[in-house]
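Each residue of the sequence shown is one higher than the last, beginning at 110 in our numbering.
Yeah, the Cβ is synthetic: ideal placement off N, Cα and C, and Gly gets one too.
Just so it is clear, the structure is predicted and the values come from calculations on it, not from any experiment.
Right, one structure below, let's go through it.
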Amino acid sequence: MTDKQRRQLITFFGAGTVAIPLSALVSTLPAHAEEAPMVDELSMGARNWEYMAVSDKLEKNCSKCALYQGDVHEDAGPCPLFPHMRVSADGWCNAFSPTPS
Ligand code: SF4
110 MTDKQRRQLI TFFGAGTVAI PLSALVSTLP AHAEEAPMVD ELSMGARNWE
160 YMAVSDKLEK NCSKCALYQG DVHEDAGPCP LFPHMRVSAD GWCNAFSPTP
210 S
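Have a look at this one:
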């Protein structure tokens, strides 16, 4: 996790959007993200966040979310909302937070 990603995560959770201890979220990120399974849209966790693997929101998807931890060259990556799993770079959920420009 880069310093920029860490700052974005702290900014997001500091806003009180989700009340989950930051240390718990960061510790749940997998060491080898490429080995983690993809989030199942039909799972309870995904439905709670209204996650969809392909966003239907214009200009809003996981790759443009401050919480997305994936590499820009990958089509999926970790998100702290779904520990030990990967979200699609083209996905979206209702916790979407735009990356500061
Ligand atoms: S849009 Fe939702 S699932 Fe995608 S990276 Fe952001 S918080 Fe995670």
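>> Taking the alpha carbon of D199 as the reference point, which residue from G154, P207, V163 and E159 has its own alpha carbon closest?
In response: V163
> Quick one: does the C-beta of G200 sit closer than 7 Å to a heavy atom of ligand 1?
Replying inline: yes
> Is G179 helix, strand or coil by DSSP?
Replying inline: coil
> Leaving out five residues before and five after T208 in sequence, what residues of the same chain have Cβ atoms less than 6 Å from its Cβ?
Replying inline: K173 and A175
> Which residue comes first and which comes last in the alpha helix (DSSP H) that contains G154?
Replying inline: M153 to N157
>> Any heavy atom of ligand 1 closer than 7 Å to the beta-carbon of L151?
In response: no
> Quick one: is the Cβ of V196 within less than 7 Å of any heavy atom of ligand 1?
Replying inline: yes
>> Between the alpha carbons of A185 and D149, how many angstroms are there, rounded?
In response: 13 Å
> Going by other Cβ atoms of all chains shown within 10 Å of its Cβ, with 16 needed for buried, is N170 buried or exposed?
Replying inline: buried
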